[in-house]
DNA sequence: CAAAAATATTAGGAATACCTAAATCTTTAT
DNA sequence: ATAAAGATTTAGGTATTCCTAATATTTTTG
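Protein chains in written order, with the working numbering: chain A, 1 to 214; chain B, 1001 to 1214.
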């Protein structure tokens, strides 16, 4: 069983490997705020679990499984951190802190849905979300929808946190079905139907909402 | 130091106290999926920490501090659960599961901001959010409903995952309209009407379902 | 190329949280 | 009222994860 604690070690090892090529006991210890002896002990355990390759006195590297696990956690951290900043209004420092805890408990599904909401082009290859994460996503802006057809909201495009929050508060949440009722000429508001009610939305806000193609 | 684990115990004790007046070792053990012996051990620790009042063989109750802490966690659970459903599109069961983990790591600030997004409509005193939260959605327990009047299910109160899942499976989902058809004497089941059908529900299950205070 | 310095590991413990089995206390039923 | 049943606690262990001190290995440097 891989505990949150072990996940933390894995993540540190990933970061160190990325930055330095190898992860050394002392460096891990420093980053984890733990004694070197504790690190050695944990390395043995992780090696036994097949997550790292560990040679005494020689530092460690991740096995493919270990790498996959670490990447997954790292992705969730990124997603959570952005979400906390963009949607829950936290500053970078606080968001990072909280993301360090969230990364261990966030379900794949929730992470994926957070991704849809923040929709920024920042995290590239994301193991959690697969291909439909944050990069080159297809989708149609709500304001370009033809009248009538029902679509599902795919994601909200990060532009301005305040607007995102407003949209969510109104009910524009990924996964929901929506259809365009009518469009005024020029740049007036557009009328949508979602659930039981009609909603008017300004063009500029509507342009932040992307729905599934087709 | 109060770990997430201890917080879980505190929360169980709160729920049992609310439902039954006292929290007994065996009940706690059953809800936590842990041996009675482990519970006894933990109760000693919690008592030592001043969070509960514990008299051997006599069950426990929360001290003011313990109560405050348990309430705070409970509030965060409710907020996280609703947020996961309303914003991240999770179904009740999955949202509940994940909220059980989130409740321990969610910062006050994030919880408050979640409230702002989801809780604009329903309000009252929540220890985390102060005045503007969703605590007051807690209207009336289903088993206290007068015969006849139609109400909407507001939420299901966390007590035990199995029961919650059972209720959901039967169809007790927030938002649905329900009315009390008849009540047997004593502690027998209660008959409700929901949609096209009548449903019998035990008192203890019914007490977990809250409907809007008209 | 050794000795000093830096790094890493082993040894021996501590705290938390869990378990089973046995003992003890309380409740229930005859 | 008392013995059986039920609930709770104690005793004795296990697994994780952390610690300090002592030991071993590697690297650096005079």
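C-beta: ideal position from N, C-alpha, C; glycine also.
Small disclaimer: the values here were computed from a predicted structure and weren't measured.
Ends of the alpha helix (DSSP H) at residue i?
| i | result |
| --- | --- |
| residue 1183/B | Looking at the DSSP string, residue 1183/B is not in any alpha helix (DSSP H); the run it does join, the beta strand (DSSP E), is 1177-1183. |
| residue 46/A | 36-48 |
| residue 205/A | 203-206 |
| residue 1074/B | 1064-1086 |
| residue 23/A | That residue, residue 23/A, is in no alpha helix (DSSP H); it is neither H nor E in DSSP. |
| residue 1101/B | 1092-1105 |
| residue 113/A | 108-118 |
Quick one, are the C-beta atoms of residue i and residue j less than 8 Å apart?
| i | j | result |
| --- | --- | --- |
| residue 103/A | residue 73/A | yes |
| residue 54/A | residue 116/A | no |
| residue 13/A | residue 52/A | yes |
| residue 143/A | residue 190/A | yes |
| residue 1095/B | residue 1085/B | yes |
| residue 207/A | residue 141/A | yes |
| residue 1010/B | residue 1066/B | yes |
| residue 105/A | residue 1105/B | yes |
| residue 1107/B | residue 18/A | no |
| residue 1180/B | residue 1145/B | yes |
| residue 1089/B | residue 148/A | no |
| residue 178/A | residue 87/A | no |
| residue 1037/B | residue 1026/B | no |
At 9 Å on the CB atoms, spell out the chain B contacts of residue i, in chain order.
| i | result |
| --- | --- |
| residue 5/A | Near residue 5/A there are no residues of chain B at all, since even the closest Cβ is about 12 Å away, more than 9 Å. |
| residue 173/A | 1086, 1087, 1088, 1089 |
Report, in whole angstroms, the separation of the C-beta atoms of residue i and residue j, which I expect to be a contact under 8 Å.
| i | j | result |
| --- | --- | --- |
| residue 210/A | residue 201/A | 14 Å between Cβ atoms; not a contact. |
| residue 1046/B | residue 1015/B | Their Cβ separation, rounded to whole angstroms, is 15 Å, which puts residue 1046/B and residue 1015/B out of contact at 8 Å. |
| residue 118/A | residue 82/A | 5 Å |
| residue 212/A | residue 151/A | 6 Å |
| residue 1022/B | residue 1043/B | Between residue 1043/B and residue 1022/B the Cβ distance is about 12 Å, and since that is not below 8 Å, they are no contact. |
| residue 111/A | residue 157/A | That pair is no contact at about 18 Å. |
Following the continuous beta strand (DSSP E) through residue i, name the residue where it begins and the one where it ends.
| i | result |
| --- | --- |
| residue 1209/B | 1209-1211 |
| residue 1009/B | It is not in any beta strand (DSSP E) - residue 1009/B instead sits in the alpha helix (DSSP H) that spans 1004-1020. |
| residue 1193/B | 1190-1194 |
| residue 154/A | 150-156 |
| residue 1054/B | 1052-1054 |
List the residues of chain A that residue i touches, going by C-beta distances under 8 Å, in chain order.
| i | result |
| --- | --- |
| residue 1114/B | 88 |
| residue 1094/B | 107, 109 |
What does residue i touch in chain A if you count any residue whose Cβ is under 9 Å from its own?
| i | result |
| --- | --- |
| residue 1099/B | Neighbours of residue 1099/B on chain A: none; closest Cβ ~10 Å, over 9 Å. |
Counting only Cβ pairs nearer than 7 Å, list the residues of chain A close to residue i.
| i | result |
| --- | --- |
| residue 1102/B | 105 |
| residue 1084/B | 110 |
Handout entry: Contact set between the segment 1022-1042 of chain B and chain A, restricted to residues whose Cβ is under 7 Å from the partner
Key = none
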